[in-house]
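Chemist:
Here it is in structure tokens:
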């Protein structure tokens with residue numbers, strides 16, 4: 031007879047994972063390993079009495095993290111059908127299907143929730159659809175690595191603001207080159223080719239997006255490197271690698287970590 035531990039290992043091995051999660055002795059091979067980053071972010075260690083929201087939850091790391099810190103109620107949202115994501119109109123169907131197969135309807139969240147005995151509730155909801163009449167108001171709203179994938183990041187943040195009665199904790203990717211060349215000027219390059227990757231923004235641009243949506247920063251932005259997980263193949267070092275921007279960025283992500291900025295803000 032197959033034990034519950036064996037069944038969990040089989041379920042974990044049968045899918046791709048975005049988050050690295052520790053599930054009763056089984057560690058998921060996530061694309062990112064956010065565990066080393068979690069203690070350094072300005073999410074209160076004690077969330078007792080708080081109502082929390084995880085926007086773009088994917089496998090649910092941050093939802094379960096907030097629940098583990100004692101939150102009274104945790105909700106998480108994600109768009110479970112990848113065909114409903116912000117795709118460029120010219121995206122080939124083959125690309126959509128390939129990326130959709132990795133997401134697999136967000137099944138990782140349910141596997142993790144059951145293994146952890148968690149009570150966080152996930153909703154099939156777009157960030158654009160957030161409204162107080164839908165899920166109510168929240169004391170802490172976490173938005174992670176999402177703006178880069180949105181056609182309208184400021185509109186999305188305005189929707190987040192509508193349900194945030196406390197603090198926004200936002201962590202998103204930044205372009206290192208643009209950040210170094212333009213440390214104060216908000217600059218972003220538009221991608222929008224094939225995949226739902228829209229904006230290569232520098233740190234100042236992410237800050238400006240947050241402020242433009244009606245938030246006020248509570249502390250200076252915190253730059254960090256998001257560690258690669260076991261699901262990410264390490265890019266081999268070759269001299270030819272440094273000649274191309276995408277190859278350099280891939281090498282940086284897998285060896286040092288993906289450059290991100292963390293922002294803590296409240297409504298103005």
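Numbering (the numbering used here), first residue to last: 31 to 298.
Ideal placement from N, C-alpha and C gives every residue a C-beta, glycine not left out.
Keep in mind that this is a model prediction, so the values were computed, not measured.
State the Cα-Cα distance for the pair residue 107 and residue 151, rounded to the nearest angstrom.
Modeler: Using only the alpha carbons, I get a separation of about 8 Å.
Chemist: Could you pull out every residue in the same chain whose Cβ sits closer than 6 Å to the Cβ of residue 139, ignoring the five residues on either side in sequence?
Modeler: Within the same chain, residue 139 has close Cβ partners 89, 90 and 152.
Chemist: Can you tell me which of the three DSSP states residue 167 falls into?
Modeler: Three-state DSSP puts residue 167 in coil, outside helix and strand.
Chemist: Can you say whether residue 226 is buried or exposed, counting buried as having 16 or more other CB atoms within 10 angstroms of its CB?
Modeler: The residue is buried, with at least 16 neighbouring Cβ atoms inside 10 Å.
Chemist: From residue 242 to residue 217, what does the alpha carbon distance come to, in whole angstroms?
Modeler: For residue 242 and residue 217, the distance between alpha carbons rounds to 14 Å.
Chemist: Taking only the alpha-carbon atoms, compute the straight-line gap between residue 295 and residue 198 and give it to the nearest angstrom.
Modeler: For residue 295 and residue 198, the distance between alpha carbons rounds to 5 Å.
Chemist: Starting from residue 100 and walking both ways along the alpha helix (DSSP H), at which residues does that stretch end?
Modeler: Run containing residue 100: none; DSSP gives neither H nor E here.
Chemist: Name the one or two DSSP bridge partners that residue 256 has.
Modeler: Its beta-bridge partners are 288.
Chemist: Going residue by residue through the segment 145–191, where are the continuous beta strand (DSSP E) segments of at least 3 residues, counting only ones entirely within it?
Modeler: Whole beta strand (DSSP E) segments, 3+ residues: 151–154 and 168–174.
Chemist: Compute the distance between the beta-carbons of residue 155 and residue 292, then report whether it is under 7 Å.
Modeler: No, the pair does not count as a contact, with Cβ atoms beyond the cut-off.
Chemist: I'd like to know if the segment 222–236 and the segment 195–213 are in contact, where contact means that at least 3 CB-CB pairs between them fall below 8 Å.
Modeler: Yes: the two stretches touch, three or more of their Cβ pairs being nearer than 8 Å.
Chemist: Rounded C-beta distance between residue 193 and residue 171? I'm assuming under 8 Å.
Modeler: So it is a contact: roughly 7 Å between Cβ atoms.
Chemist: To the nearest angstrom, how far is it from the Cα of residue 165 to the Cα of residue 240?
Modeler: Looking at the two C-alpha atoms, the distance is approximately 21 Å.
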